[in-house]
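Below you'll find the structure, written out as structure tokens, and then a few comments.
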Amino acid sequence: MTDDIESMYVGIEYLGVGLDSFNPLSQQKRLKFKDLAGLSFIVVQDIGPWRQVVEDNIPDASFLYQENLSAMSKISEYSNFPFFFSNLSQEAPTTINRFGKGNRNALQIDDPQNKMVFYGTYLKRERPVVQPILKEIVKDWPK
Numbered sequence: 001m002t003d004d005i006e007s008m009y010v011g012i013e014y015l016g017v018g019l020d021s022f023n024p025l026s027q028q029k030r031l032k033f034k035d036l037a038g039l040s041f042i043v044v045q046d047i048g049p050w051r052q053v054v055e056d057n058i059p060d061a062s063f064l065y066q067e068n069l070s071a072m073s074k075i076s077e078y079s080n081f082p083f084f085f086s087n088l089s090q091e092a093p094t095t096i097n098r099f100g101k102g103n104r105n106a107l108q109i110d111d112p113q114n115k116m117v118f119y120g121t122y123l124k125r126e127r128p129v130v131q132p133i134l135k136e137i138v139k140d141w142p143k
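Under the UniProt record's numbering, read the sequence shown as residues 1 to 143, first letter to last.
Below you can see the structure in the form of structure tokens.
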């Protein structure tokens with residue numbers, strides 16, 4: 001914060017992983033990133049800062065990056081490649097469709113590195129306009 005700028009906490013984003021139900025790991029409720037070592041993942045190209053997190057924390061993994069979200073959804077729907085989703089995307093139709101055939105389990109990744117904290121930052125003079133919007137975002141932020 002400065003004399004002119006302030007921030008407001010909005011929420012936390014975290015990743016989950018969709019695993020083929022025949023993968024022995026899929027029977028667990030929670031995993032660490034290191035438990036996913038050696039797997040090949042299908043990943044949307046524009047995953048933002050999560051790219052570095054997964055690459056740094058999943059040893060010996062392969063990441064098959066896809067630029068086209070529709071193509072990625074189809075590949076993940078008809079293959080057994082694991083994929084990531086977040087609490088922000090878990091209710092999106094594309095994520096729901098990937099679990100649609102019932103052959104995947106959604107698992108939480110319970111790992112200290114699995115967390116991105118979001119703040120809304122704005123000019124203090126804009127507080128009356130920005131804070132109500134941020135409060136609505138906080139209210140609807142997925143847990």
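Ideal Cβ positions, reconstructed from N, Cα and C, are used throughout, including at glycine.
Asked	Found
On the DSSP letters alone, give me the boundaries of the alpha helix (DSSP H) that glutamate 13 sits inside.	Premise fails: glutamate 13 lies in the beta strand (DSSP E), 5–13, not in any alpha helix (DSSP H).
Residue range of the alpha helix (DSSP H) that leucine 69 falls in?	69–78
Do phenylalanine 63 and valine 54 have their C-beta atoms within less than 8 Å of each other?	yes
For the beta strand (DSSP E) that asparagine 97 lies in, which residues bound it at each end?	Note, asparagine 97: premise wrong, no beta strand (DSSP E); alpha helix (DSSP H) at 93–98.
Thinking just about the alpha-carbon of each residue, which of Asp35, Ile137, Arg127 is nearest to the one in valine 17?	Asp35
Assess contact between the stretch 121–141 and the stretch 38–47, defined as three or more Cβ pairs (one per stretch) separated by less than 8 Å. Is contact present?	no
Could you name the residues that DSSP lists as bridge partners for phenylalanine 83?	Gly18, Ile42
Between the C-alpha atoms of tyrosine 119 and valine 10, what's the straight-line distance to the nearest angstrom?	5 Å
In the structure shown, what three-state DSSP assignment does leucine 88 receive?	coil
Quick one: using the 10 Å Cβ neighbour count with 16 as the cut-off for buried, is arginine 104 buried or exposed?	buried
Please report the distance separating the alpha-carbon of glutamine 27 from that of leucine 134.	38 Å
Since I believe aspartate 111 is in contact with phenylalanine 33 (beta carbons under 8 Å), could you give me their beta-carbon distance rounded to a whole number of angstroms?	5 Å
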